[in-house]
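Colleague: In our numbering, the protein residues as written are 11 to 336.
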Amino acid sequence: MKANKVLCNIQQIYGRPAQYLQPLRDAGLEIVMNEKGRLLTEDELIGRLPGVFATIAGGEPYTERVFASSPDLKVVARFGVGWDKVDVAAATRHGVAVAMAFGTNHESVADGAFALAIGLSVNLIAHHKLTTSGGWGCGFHPGLWGRVAGIVGLGRIGRAMARRCQAFAMPVLAYDVAPDQQYAREHGIELVPLDHLLSEADIVSLHTPLLPETRNIIGARELALMKPTSFIINTARGGLIDEDALCAALVERRIAGAGLDVFAREPPEGSPLLKLDNVLLTPHALGMDEAAERLMAGRCVSSILAIRAGRDPGREFVLNAQVLAA
């Protein structure tokens, strides 16, 4: 019998399965939910995959072992735009399509990154704690208007962040491994080497995927280049920053602060970052506004249905489109 289940691992849409997942049911597919309320381990994921044709995937690990143990699985539809938890080469070897939700949450992630930048630059958390504890006071904060923005990674999210910075009259510096010179020129963005960006920017915001060559792209050497008055923002992937080096820089006030929506280990239980007073931390949630949720769910569902029916889901959304012809 052909596998007919879809395993949904996304907590955010648990409360609205009818709204987002009904087209799968209408196509005769059975929806199975991850009832754990957390990311599944490798063993737990393997245990749930018999009879599963597709998953709507979060941050659970899709490894060689998972694919080798799950012959029914044909689609991993990522509820997002990052694929660092998916061994794409292993998926390809086992004939599993890895479908992405590109172009669905760049505006919401940029909103979140800019919110962190604002929160840090106006000492929002400190002012909130002071007021709710019965205190009162003013004091000066760095502010954001007109300060220099440094954007690492000028893809969809980086460009959306640049637009927000420019609305605050911020000069924008950008670093990208494969820069679009024309886009930067037409939009008033100055492309510079990474070291130059780090030394000049007041706000450094990371918007690059986590790849072997970008892991710990911000380490002790890079943090030492930053101004002591500067902030670093990361809404991309925790592995982009060496967290030990970041903690040391924050404790020693070699940079002013950090706004993080992502961590090397999630959730970051026991991380020394949780005890610092010059950080603004959120639970990998800033890319999840309602518009992004709707668009990502729709992209996952449409990819699953298209591949199930033998149709092209849009090859620009499939990391290993070669498996579709197999």
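Each residue gets a CB set at the ideal place from its N, CA and C atoms; glycine is no exception.
All values derive from a computational prediction rather than experimental measurement.
State the start and end residues of the unbroken alpha helix (DSSP H) segment that holds valine 86.
Modeller: That residue, valine 86, is in no alpha helix (DSSP H); its beta strand (DSSP E) goes 85-88.
Colleague: Quick one: what's got a C-beta closer than 8 Å to serine 118's C-beta in the same chain, skipping five residues either side?
Modeller: Leu296, Gly297, Met298, Asp299, Ala301 and Ala302
Colleague: Which whole-angstrom value describes the C-beta separation of phenylalanine 273 and alanine 109, a residue pair presumed to lie in contact below a C-beta threshold of 8 Å?
Modeller: In fact, because the Cβ distance is near 26 Å, the residues do not count as touching under 8 Å.
Colleague: Which residue comes first and which comes last in the beta strand (DSSP E) that contains glutamate 40?
Modeller: 40-43
Colleague: Threonine 51: buried (16+ other C-beta within 10 angstroms of its C-beta) or exposed?
Modeller: exposed
Colleague: Between the segment 31-40 and the segment 306-320, can you find at least three pairs of beta-carbon atoms closer than 8 Å?
Modeller: Contact between the segment 306-320 and the segment 31-40 is present, because at least three Cβ pairs lie under 8 Å.
Colleague: Please work out which residues of its chain come closer than 7 Å, Cβ to Cβ, to tryptophan 93, disregarding the five sequence neighbours upstream and downstream, and give them in chain order.
Modeller: Val108, Met110 and Leu329
Colleague: Are the segment 130-148 and the segment 176-189 touching by the rule of at least three beta carbon pairs closer than 8 Å?
Modeller: no
Colleague: Could you check if glycine 156 is buried or exposed, using at least 16 other CB atoms within 10 Å of its CB as the buried criterion?
Modeller: Glycine 156 counts as exposed, since fewer than 16 other C-beta atoms from the protein chains shown sit within 10 angstroms of its C-beta.
Colleague: According to DSSP, simplified to helix, strand and coil, what is leucine 201?
Modeller: strand
Colleague: My understanding is that methionine 306 touches asparagine 19, with C-beta atoms under 8 Å, so please give their C-beta distance in whole angstroms.
Modeller: Wrong, their Cβ atoms sit about 13 Å apart, outside the cutoff.
Colleague: Report back the beta-carbon spacing between isoleucine 66 and valine 106 to the nearest angstrom; my notes put them in contact at under 8 Å.
Modeller: The pair is not a contact, with the Cβ atoms about 14 Å apart (cut-off 8 Å).
Colleague: If we count Cβ pairs, one from each stretch, closer than 8 Å, do we get three or more for the segment 252-261 versus the segment 203-221?
Modeller: no
Colleague: Please classify phenylalanine 224 as buried or exposed, where buried requires at least 16 neighbouring CB atoms within 10 angstroms.
Modeller: Looking at the sequence shown, residue 224 is not phenylalanine but threonine. Per the 10 Å Cβ criterion, buried.
Colleague: Quick one: Cα of threonine 239 to Cα of leucine 334, how far?
Modeller: 51 Å
Colleague: Determine the contact status of valine 158 and alanine 194, defining contact as a CB-CB distance below 7 Å.
Modeller: no
Colleague: To the nearest angstrom, how far is the alpha carbon of phenylalanine 4 from that of lysine 95?
Modeller: Given a span of 11 to 336 for the chain in the structure shown, any question on residue 4 remains unanswerable.
Colleague: Does the segment 158-174 come within contact of the segment 138-149, defined as at least 3 CB pairs closer than 8 Å?
Modeller: no
Colleague: Provide the residue span of the alpha helix (DSSP H) that contains glutamine 308, from first to last.
Modeller: The sequence given here places glycine at residue 308; glutamine does not occur at that position. Where glycine 308 is concerned, the enclosing alpha helix (DSSP H) starts and stops at 300-318.
Colleague: Could you pull out every residue in the same chain whose Cβ sits closer than 7 Å to the Cβ of glutamate 232, ignoring the five residues on either side in sequence?
Modeller: Leu208
Colleague: Using a beta-carbon distance below 7 Å, is tryptophan 93 in contact with chain D?
Modeller: Structure shown: chain D not included; a single protein chain is present.
Colleague: Starting from alanine 188 and walking both ways along the alpha helix (DSSP H), at which residues does that stretch end?
Modeller: Looking at the DSSP string, alanine 188 is not in any alpha helix (DSSP H), and its letter there is neither H nor E.
Colleague: Do alanine 101 and phenylalanine 337 come within 7 Å of each other at the CB atom, strictly closer than that value?
Modeller: Residue 337 is absent from the model: the chain starts at 11 and stops at 336.
Colleague: On the DSSP bridge list, what partners appear for alanine 64?
Modeller: Val16 and Val85
Colleague: Under the assumption that threonine 218 contacts alanine 123 (Cβ atoms under 8 Å), give the Cβ distance between them as a whole number of angstroms.
Modeller: 13 Å between Cβ atoms; not a contact.
Colleague: Since phenylalanine 241 sits in a beta bridge, which residues does DSSP pair it with?
Modeller: Ile213 and Gly267
Colleague: Would you say leucine 270 and leucine 291 are within 7 Å of each other, going by their C-beta atoms?
Modeller: yes
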